[in-house]
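Asker: Number 805 in the numbering used here belongs to position 377 of the sequence shown; there are no gaps in the numbering.
We treat Cβ as the ideally placed atom computed from N, Cα and C, and that holds for glycine.
All values reported here derive from a predicted model rather than from experimental measurement.
Quick one: this structure, given as structure tokens, is what I'll be asking you about.
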Amino acid sequence: MNRRKFLGYAAVSLGAGLAGFRLVEPLTRSGTATQPRTGPNPDFAPDVDIQLTARPDAVPILPGRETAVWSYQAEVLAGPQGAVQNLPGTYLGPVFRFQRGQKVRIRFRNQIEQESVVHWHGLHVPQEYDGHPRFAIKRGQTYVYEFEIKDRPGMYWFHPHPHGKTGPQVYRGLAGLLFVTGQEEEALDLPSGDAEIPLVIQDRTFDRNNQLVYLTNRMQRMTGFLGNTILVNGKPEAELNLATRAYRLRVLNGSNSRIYKLAWSDGTPVTVLGTDGGLLDAPVQKPYVVLGPAERLDIWLDLSGRTPGDELLLKSLRFSGASGGMMGGMMGGGMMQRGQSVPQNGDELTLVRVRVTRKESEKRTLPRQLSPVERIPVAEARNAARPRTFRFAMRGMQPTINGRTFQMTSVADDEVVRLNTTEVWELVNDSSGMMGGMMQIPHPVHVHGLQFQVLERSPSAGWESIKDGFVDNGWKDSVLLMPGMRMKIILRFRDYPGLFLYHCHNLEHEDLGMMRNYLVKA
Ligand code: C2O
Ligand code: CU
Ligand code: CU
Numbered sequence: 429m430n431r432r433k434f435l436g437y438a439a440v441s442l443g444a445g446l447a448g449f450r451l452v453e454p455l456t457r458s459g460t461a462t463q464p465r466t467g468p469n470p471d472f473a474p475d476v477d478i479q480l481t482a483r484p485d486a487v488p489i490l491p492g493r494e495t496a497v498w499s500y501q502a503e504v505l506a507g508p509q510g511a512v513q514n515l516p517g518t519y520l521g522p523v524f525r526f527q528r529g530q531k532v533r534i535r536f537r538n539q540i541e542q543e544s545v546v547h548w549h550g551l552h553v554p555q556e557y558d559g560h561p562r563f564a565i566k567r568g569q570t571y572v573y574e575f576e577i578k579d580r581p582g583m584y585w586f587h588p589h590p591h592g593k594t595g596p597q598v599y600r601g602l603a604g605l606l607f608v609t610g611q612e613e614e615a616l617d618l619p620s621g622d623a624e625i626p627l628v629i630q631d632r633t634f635d636r637n638n639q640l641v642y643l644t645n646r647m648q649r650m651t652g653f654l655g656n657t658i659l660v661n662g663k664p665e666a667e668l669n670l671a672t673r674a675y676r677l678r679v680l681n682g683s684n685s686r687i688y689k690l691a692w693s694d695g696t697p698v699t700v701l702g703t704d705g706g707l708l709d710a711p712v713q714k715p716y717v718v719l720g721p722a723e724r725l726d727i728w729l730d731l732s733g734r735t736p737g738d739e740l741l742l743k744s745l746r747f748s749g750a751s752g753g754m755m756g757g758m759m760g761g762g763m764m765q766r767g768q769s770v771p772q773n774g775d776e777l778t779l780v781r782v783r784v785t786r787k788e789s790e791k792r793t794l795p796r797q798l799s800p801v802e803r804i805p806v807a808e809a810r811n812a813a814r815p816r817t818f819r820f821a822m823r824g825m826q827p828t829i830n831g832r833t834f835q836m837t838s839v840a841d842d843e844v845v846r847l848n849t850t851e852v853w854e855l856v857n858d859s860s861g862m863m864g865g866m867m868q869i870p871h872p873v874h875v876h877g878l879q880f881q882v883l884e885r886s887p888s889a890g891w892e893s894i895k896d897g898f899v900d901n902g903w904k905d906s907v908l909l910m911p912g913m914r915m916k917i918i919l920r921f922r923d924y925p926g927l928f929l930y931h932c933h934n935l936e937h938e939d940l941g942m943m944r945n946y947l948v949k950a
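So, in structure tokens, the structure goes:
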């Protein structure tokens, strides 16, 4: 170990006094880390030490030839083996399970032919472990993540985040779930084991040889990729054979740009237990729930009143306002991929076929109370009267935020917030600009480094068809900003100074630069 590094680690272990910090972290004007973490910190004592590799693979998806994918594979080097579950036969995964309060080290090795970096979507971690594109590593290199799990129990996920290549890398298969567990949740005794079922919903397009087809033209890039085949947990035509008991479904919209309006085919209300950042105060019943890219839902499904032989479909119902307006209709509606028309955002889809196949006597009931959600008081925000506004808009063919696009390390003056403050941000989907409002495109907005809360959202394009589908009383890290919508969210900037991202999680928009840094200034 060279002396410079040694001093740096010593300084970190002593509480990162600024003088010591400077030795290892060349500071920009903003005090942001610029060095990738290529080796383990000897002063960090992990509870779990994991090797994670991204590499080419081939998996069976459709009948016939295997599909070439990129896939993460993990192995526990030290600590509880249960922290990692690889999912054989699919590109998805692994599934990580960490206890709140655990210290984890993840040694990410990049074995794909593009640069990459791993982002822990939804987790509250220091900037150098957040997977910012400035830390992307080349094939053959390793990035060492070391952080404590501080978040509430919930389902988070991880995926690549190199600039300009997040869309294609997620599309080729790189994504996994990350569960945070904790006592407050275990005490509720919600369905677990086989009765807790992750559902990762994605859409893909395959060629005649069962190989993945990504964007085929520029228009698709502008609206975002939409595939003609729905995959759930990496498989088409998903079926669940279940018993007459209660289940907990952990749903992630892992699609690049597709939006789902989830509902049960027989009109059973959707019972929601939690959102992006964990459980709600109490269960909420909805006729349907709208799930934009990167959003998660924790859903209770009670089959105890059913009989073997019953069937139920998890559908995505029709809705309007998200298919790109007149332009989208012209560009997308008539679009064909491999001789099949591609369902547009808002078209009806079947996602999962649930079959009740056996009797079970388990008689769990829906808890009345779940986990207290502390509401951030609006009065705590320093700018409640004058929120910071972020306009998500197309400028010609270019998606922008406040008229800007991503630049690797730059931050504008209006993107600097103070550590240990609370702010209200106003998110606006401004669809009026381009082509006289013909270009109506939703923007699923995501903020890195924290969980926030929704204060309010205005009606939008397609409002009547979606208005009952938002679960806005839990912790969120991603929200669907429909065309014409204005939303207020409240955020607390705690613990970690540095450069973090906020962006559109339509991955094609993100790759086109609808992403910016914000700086948390100490
Ligand atoms: Cu899930 Cu910045 O991303
Ligand atoms: Cu994220
Ligand atoms: Cu967008």
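Using 8 Å as the threshold, is the C-beta distance between Val801 and Gly902 below it?
Answerer: yes
Asker: Compute the Euclidean distance between the alpha carbons of Thr518 and Leu490, then round it to the nearest angstrom.
Answerer: 11 Å
Asker: Jot down the residue ranges of each uninterrupted alpha helix (DSSP H) in the segment 583 to 671, minimum 4 residues, whole runs only, in chain order.
Answerer: Within the segment 583 to 671, the alpha helix (DSSP H) runs of at least 4 residues that lie entirely inside it are, in chain order, 594 to 599, 611 to 614 and 646 to 651.
Asker: Less than 8 Å between the beta carbons of Lys895 and Glu854, yes or no?
Answerer: Not closer than 8 Å, so no.
Asker: Can you give me the Cβ contacts of Pro815 inside the same chain, cut-off strictly under 7 Å, excluding the 5 residues immediately before and after it?
Answerer: Val852, Trp853, Glu854 and Lys916
Asker: Should Ala482 be listed as close to ligand 1, given that the test is whether its C-beta is under 7 Å from any heavy atom?
Answerer: Incorrect: Ala482 has no Cβ contact closer than 7 Å to ligand 1.
Asker: Here's the rule I'm using: 16 or more other beta-carbon atoms within 10 Å means buried, otherwise exposed. How should Val844 be labelled?
Answerer: exposed
Asker: Mind checking which residues open and close the beta strand (DSSP E) that includes His549?
Answerer: Segment Val546 to His549, the beta strand (DSSP E) holding His549.
Asker: What are the boundary residues of the beta strand (DSSP E) that Ile829 is part of?
Answerer: Ile829 -> beta strand (DSSP E) spans Gln826 to Ile829.
Asker: Tell me the rounded alpha-carbon separation between Leu451 and Pro561.
Answerer: Note that Leu451 scores 33 on pLDDT, short of 50, meaning its location in the model is unreliable; the coordinates nonetheless yield the value given after this. Going from the Cα of Leu451 to the Cα of Pro561 covers about 23 Å.
Asker: Assign Ser886 to one of two classes, buried (16 or more other C-beta atoms within 10 Å of its C-beta) or exposed (fewer than that).
Answerer: It is exposed - the Cβ of Ser886 has fewer than 16 other Cβ atoms within 10 Å.
Asker: Do Gly621 and Val523 have their CB atoms nearer than 8 Å?
Answerer: no
Asker: So Asp709 is in the beta strand (DSSP E); what residue range does that whole segment cover?
Answerer: Gly706 to Lys714
Asker: Where Asp923 and Asn848 are concerned, what is the direct C-alpha to C-alpha distance, given to the nearest angstrom?
Answerer: 7 Å
Asker: Measure from the alpha carbon of Arg649 to the alpha carbon of each residue in Glu624, Gly941 and Gly695, then state which is nearest.
Answerer: Gly941
Asker: Under 7 Å: does the beta carbon of His549 sit that close to some heavy atom of ligand 2?
Answerer: yes
Asker: Identify, in the order they occur along the chain, each residue of the same chain with its Cβ nearer than 6 Å to the Cβ of His591, setting aside the five sequence neighbours on each side.
Answerer: Pro561
Asker: Considering only the beta carbon of each residue, do Gly702 and Gly582 sit closer than 8 Å?
Answerer: For Gly702 and Gly582, yes; Cβs fall inside 8 Å.
Asker: Find the nearest neighbour of Phe526 within the set Arg846, Leu515 and Ala511, judged by alpha-carbon distance.
Answerer: Ala511
Asker: Which partner residues of Trp903 appear in the DSSP bridge assignment?
Answerer: BP columns for Trp903 are empty, so no partner.
Asker: Taking only three categories from DSSP, how would you classify Gln463?
Answerer: In this structure, Gln463 counts as coil in the three-state DSSP scheme.
Asker: Please state the DSSP three-state secondary structure of His937.
Answerer: helix
Asker: Nearest to Tyr584 by CA position, among Trp692, Met825 and Val628, is which residue?
Answerer: Closest in C-alpha terms to Tyr584, from the list Trp692, Met825 and Val628, comes Val628.
Asker: DSSP three-state label for Phe449, please.
Answerer: Because Phe449 carries a pLDDT of 33, less than 50, the predicted location of this residue cannot be relied on, and the following value inherits that uncertainty. In the structure shown, Phe449 sits in a helix (DSSP, three-state: H, G or I).
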